[in-house]
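12 is the number that the working numbering gives to position 11 of the sequence shown; each next residue is one higher, with no gaps.
Glycine is no exception: its CB is placed at the ideal position from the N, C-alpha and C atoms.
Note that the structure is a prediction, hence the values are computed from the model and not measured.
Following: one structure in structure tokens, then a few remarks.
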Amino acid sequence: MTGLVTPPAHLRRVTLEEPEAFLVWLSTVMGGALRLDDFELLHPWAIVALAALGRKKSSGEHIDTSLSAGSSAAKFAHAIGFEDVVEGKDSGLAHQPRRTVRMQSVAYPNFPQIDGVARNTSDLVVRSSAEDAAAKTIFHVVVELLRNAVQHSRDPLGGVVVAQRMDAGEKRIQVAVADNGIGIQSALLAKHPTLSDPRTALEKAIQPHISGTFEEGLTGTSGNAGLGLFFVAEMAKLTAGTMLVASRGASLFLRGDREDPTNHQLSFLGGGAQYPGTLVVFEAPVASVHVYGPMIEVINQRAKDRMPGRALHKWLLFQKPPSGTSEILVDVASENTAEAQAYAQKKLVPHLARKQAIALNFRNFEIVTQSFIHALLYEAIRVAWALKTPIYIVDAQPAVRSTLEFLETYALAG
Ligand SMILES: Nc1ncnc2c1ncn2[C@@H]1O[C@H](COP(=O)(O)OP(=O)(O)OP(=O)(O)O)[C@@H](O)[C@H]1O
Ligand SMILES: [Mg+2]
């Protein structure tokens, strides 16, 4: 094999307890070749990570992988269908009931396939109906992670998934999904241009209502709610589990607290640990996944608590306008709502309709009523929102400001 890279001695055993060094090393292997027989132990997530990079794409780099089932790591990789995934063959999943969950690959745009793959995967790792909650949890995690790989990664080969029951010591279930795509930060940047730091981007991606498909402050599009990774992260927290999100530029590690389910630790792996695509691993102790429905209710409530007001305080900006913004001194008499409406039509809306930001000076007002502010700005704020053009507010007393903020909340709701 050309460009063969052999793992250093300390990387022959790769587990989820110590993912950092393996991830740092993996980035250096892109474009080269490796033999799985050079490893002694590869936990399922590491095999998925390698398989996603081993698939040959028409463009971009991959890793040339080979195995002759000489080491136990290579035997395990072979048993879960490593070569089939790398070569793009059907893995024959149905023939291995309840023994080994074979890896599968779901490519864009095969969304309908995701459900079946997730069902097979979760059925196969779970041994009895007593573990029903664990099966549902795994199903949920696989669906969200595969949808993300297929929808957001832009890897034409999509995502590779495996779930494995690990019965040595405490019984745990591990799920991993990997793609060789653009990474989370790039996917988020278009709608979140300030996310210039890859760590901040990962931290943001696991928050509710954050998505590369809409701007912060909104709650969703017809296709996405920005809740997939949030749910997986909350499940890890609530089951005293672990979540690893390794993507281009950074790797985030989340661990639920066994003693206190309201507590968790979030950290970033150091040393340049990242993944040339996106790799998400979820692991939970089987015994800690008692219930599914109530867990989802808790997570829904957490998402609700953190839902941005349906409207965002975004188009009324209480800050100094950029120079050159036309400033308008609001000089219409307070309480005259008809006049306020006519004033807005004549003086405010035309600027906004041309996507020109305006600055409204409220220095003439000690106090204003809701109906006045409504008459003055209800239509203007909706035009501002529709055309993404801000209205700056200057010299507003606190009471005026809170009335303006309330207007924005309800004017843009629903
Ligand atoms: N595999 C991936 N590759 C690239 N970007 C990703 C990947 N997974 C997630 N992302 C980015 O992280 C964002 C958040 O993902 P998340 O699953 O939480 O929300 P969503 O997919 O946008 O919405 P939902 O899952 O509710 O349909 C995505 O919108 C996307 O920008
Ligand atoms: Mg998603």
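For residue i, count neighbouring C-beta atoms within 10 Å of its own C-beta (all shown protein chains included) and say buried if the count is 16 or more, exposed if not.
{"i": "S123", "result": "buried"}
{"i": "V308", "result": "According to the sequence displayed, residue 308 carries Met and not Val. Result: exposed."}
{"i": "G182", "result": "buried"}
{"i": "L196", "result": "buried"}
{"i": "H291", "result": "exposed"}
{"i": "A169", "result": "exposed"}
{"i": "G184", "result": "buried"}
{"i": "A412", "result": "buried"}
{"i": "P113", "result": "exposed"}
{"i": "G4", "result": "exposed"}
{"i": "T404", "result": "buried"}
{"i": "S106", "result": "buried"}
{"i": "R173", "result": "buried"}
{"i": "D133", "result": "exposed"}
{"i": "D198", "result": "exposed"}
Taking only the alpha-carbon atoms, compute the straight-line gap between residue i and residue j and give it to the nearest angstrom.
{"i": "D1", "j": "P323", "result": "Look at the range of the chain in this structure, 2 to 415, and you will see that residue 1 is not part of it."}
{"i": "K57", "j": "D65", "result": "8 Å"}
{"i": "P98", "j": "H193", "result": "In this prediction, P98 scores a pLDDT of 49, lower than 50, which makes its location untrustworthy; the coordinate-derived value is nonetheless stated afterwards. The straight-line gap from Cα to Cα measures roughly 44 Å."}
{"i": "P8", "j": "R249", "result": "21 Å"}
{"i": "G160", "j": "T138", "result": "19 Å"}
{"i": "D258", "j": "A285", "result": "11 Å"}
{"i": "N365", "j": "P277", "result": "58 Å"}
{"i": "F231", "j": "K238", "result": "11 Å"}
{"i": "G242", "j": "M236", "result": "8 Å"}
{"i": "A95", "j": "P262", "result": "With a pLDDT of 47 at A95, under the threshold of 50, the modelled position of that residue is not reliable, and the figure given next carries that caveat. Cα to Cα, the separation comes out at about 37 Å."}
{"i": "V176", "j": "W316", "result": "42 Å"}
{"i": "G89", "j": "A202", "result": "31 Å"}
{"i": "Q357", "j": "S372", "result": "26 Å"}
{"i": "G294", "j": "A288", "result": "16 Å"}
{"i": "A341", "j": "A376", "result": "6 Å"}
{"i": "L219", "j": "L147", "result": "24 Å"}
Checking the sheet assignment: what are the DSSP bridge partners for residue i?
{"i": "L245", "result": "F254 and V282"}
{"i": "G160", "result": "V107"}
{"i": "A179", "result": "V161 and L280"}
{"i": "M167", "result": "R173"}
{"i": "E217", "result": "L219"}
{"i": "Q1", "result": "It is not possible to answer for residue 1, since the shown part of the chain is limited to 2 through 415."}
Counting Cβ pairs, one atom from each stretch, are 3 or more of them under 8 Å apart for the stretch 205–212 and the stretch 225–234?
-> Because the criterion of three Cβ pairs below 8 Å is met, the stretch 205–212 and the stretch 225–234 touch.
Please specify which runs of the beta strand (DSSP E), each continuous and at least 3 residues long, are wholly inside the stretch 333–388, giving them in chain order.
-> Within the stretch 333–388, the complete beta strand (DSSP E) runs of at least 3 residues are 359–362.
Every unbroken alpha helix (DSSP H) within the stretch 11–39, with a cutoff of 4 residues, ordered by chain = List check, alpha helix (DSSP H) in window: 21–30.
Inspect the CB distances between the stretch 44–55 and the stretch 10–23 and report whether three or more fall short of 8 Å.
-> The way I'd put it, the stretch 44–55 does touch the stretch 10–23; three or more beta-carbon pairs between them come closer than 8 Å.
Could you say if the stretch 327–345 and the stretch 258–275 meet the contact criterion of at least three C-beta pairs nearer than 8 Å?
-> No: fewer than three Cβ pairs fall under 8 Å.
Mind pulling the alpha helix (DSSP H) runs of 4 or more residues that sit fully within the stretch 286–335?
-> Whole alpha helix (DSSP H) segments, 4+ residues: 294–306.
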